[in-house]
Ligand code: FPP
């Protein structure tokens, strides 16, 4: 994968040294991120919260590109939770506006980097323009076989499990029997059943919570917390997180 970074970093840079180090070991195949701290990043600079979200998009772009170059297979980003509707109406509208802009403008770069974009969450509750854009980007990028970029939108971990139960009942009705239900059966009804569980979950901004993200899927995921606010989370921070992950011993309940 080193060749994918040709001309990307200065050979003397810390990023390049980190890159050489992490490429010696297996990389996580699925990384999930709670992108937190946009508001505080803006406040620290005396800016409106929306400026933090805008800067957050630049961080998204950088982490998506770095993940694609590293050959990471899955990257799942928490962009809007089912709880985020509780924010002031103005901020919700601004976030939806940014999302539209991202979906409109990002397609060429996603295609160039061989990224397949999909969403997970209650998409049917979003406005028609966003649904249309999502559909377009999902379709246009469907054949890409590099990085799978999953954007969690109007997403909640508990909601995902509730929706799985609903799909199961819709499909089976009275034919459902207890012996049919096991973990792999339930997993098949989650939003993106083909995506493996995350190996690593990163949360920025110093909060030590999971905040209803991927509750079912993170049962054995390694957690990494950093105090860095999301807009400041760049490639160097990302490589730090991966290096930390590589030092862990994963036992999955065994010895
Ligand atoms: C948390 O920061 C961030 C969000 C609720 C939204 C994340 C959205 C983006 C990075 C932009 C859109 C993303 C995509 C993929 C197009 P916060 O507002 O909770 O920050 P705070 O805790 O400091 O207030």
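Residue numbers (my numbering): 52 to 306. Idealized CB from N, CA, C, for every residue including glycine.
Check your understanding: Using the rule of at least 16 other Cβ atoms within 10 Å of the residue's Cβ for burial, across every protein chain shown, is residue 289 buried or exposed?
Key -> Under this definition residue 289 is a buried residue.
Practice item. Return yes when the C-beta of residue 256 is under 8 Å from any heavy atom of the ligand FPP, and no when it is not. Key: Result yes, Cβ under 8 Å from the ligand FPP.
Exercise for review: Round the Cβ separation of residue 264 and residue 83 to the nearest angstrom and send it over; I've been treating them as touching at under 8 Å.
Suggested key: Contact between residue 264 and residue 83 holds, with the beta-carbon distance rounding to 7 Å and staying under 8 Å.
Check your understanding: So, are the CB atoms of residue 205 and residue 167 less than 9 Å apart?
Key -> The criterion of a C-beta distance shorter than 9 Å is not satisfied by residue 205 and residue 167.
**Study point:** Residues near residue 188 in its chain [Cβ-Cβ closer than 6 Å; skip 5 each side]
**Key:** Contacts found: 154, 158 and 168.
Review point. In the DSSP assignment, what residue or residues form a beta bridge with residue 253?
Key: DSSP, once it has assigned bridges, lists 84 and 275 as partnering residue 253.
Check your understanding: Do residue 136 and the ligand FPP come close, with the Cβ less than 8 Å from some heavy atom?
Key -> No, Cβ of residue 136 sits at least 8 Å from all heavy atoms of the ligand FPP.
Check your understanding: Out of curiosity, what's the CA-to-CA distance linking residue 276 and residue 118?
Key -> Separation of residue 276 and residue 118 (C-alpha to C-alpha, rounded to the nearest whole angstrom) is 18 Å.
**Study point:** Proximal residues to residue 55 (C-beta, below 6 Å), its chain only, five neighbours per side dropped
**Key:** Once the five neighbours on either side are set aside, the close Cβ partners of residue 55 are 120.
Exercise for review: Put residue 149 into one of helix, strand or coil per three-state DSSP.
Suggested key: Residue 149 falls in the helix class under three-state DSSP.
Review point. Hey, is the segment 246 to 253 in contact with the segment 77 to 93, meaning 3+ C-beta pairs nearer than 8 Å?
Key: Touching, yes, given that three or more Cβ pairs across the two stretches are closer than 8 Å.
Exercise for review: Would you kindly report the start and end of the unbroken beta strand (DSSP E) that includes residue 128?
Suggested key: Residue range 125 to 132 is occupied by the beta strand (DSSP E) that includes residue 128.
Review point. With C-beta atoms as the reference, is residue 71 less than 9 Å away from residue 122?
Key: No, the pair does not count as a contact, with Cβ atoms beyond the cut-off.
Point to revise | Three-state secondary structure (DSSP) of residue 52 | key: Of the three classes helix, strand and coil, the one that applies to residue 52 here is coil, per DSSP.
**Study point:** Sufficient close CB pairs (3 or more, under 8 Å) joining the segment 56 to 67 to the segment 222 to 241
**Key:** Too few Cβ pairs lie closer than 8 Å, so no.
Check your understanding: Could you give the distance in angstroms between the alpha-carbon of residue 242 and the alpha-carbon of residue 215?
Key -> Taking C-alpha positions only, residue 242 is separated from residue 215 by approximately 8 Å.
Review point. Does the beta carbon of residue 88 fall short of 8 Å from some heavy atom of the ligand FPP?
Key: Yes, the ligand FPP has a heavy atom inside 8 Å of this Cβ.
Review point. Distance, Cα to Cα, residue 109 vs residue 125?
Key: The alpha-carbon atoms of residue 109 and residue 125 are separated by roughly 19 Å.
Practice item. Tell me, please, which residues DSSP counts as bridged to residue 202. Key: Its beta-bridge partners are 128 and 170.
Point to revise | Distance between residue 282 and residue 116 (C-alpha atoms, nearest Å) | key: For residue 116 and residue 282, the distance between alpha carbons rounds to 15 Å.
Review point. With respect to the alpha helix (DSSP H) encompassing residue 59, which residues constitute its N-terminal and C-terminal limits?
Key: Going by DSSP, residue 59 is part of no alpha helix (DSSP H) at all; its letter is neither H nor E.
Practice item. With DSSP as the reference, label residue 27 as helix, strand or coil. Key: In the structure as shown, the chain starts at 52 and stops at 306, and residue 27 therefore has no counterpart that could be examined.
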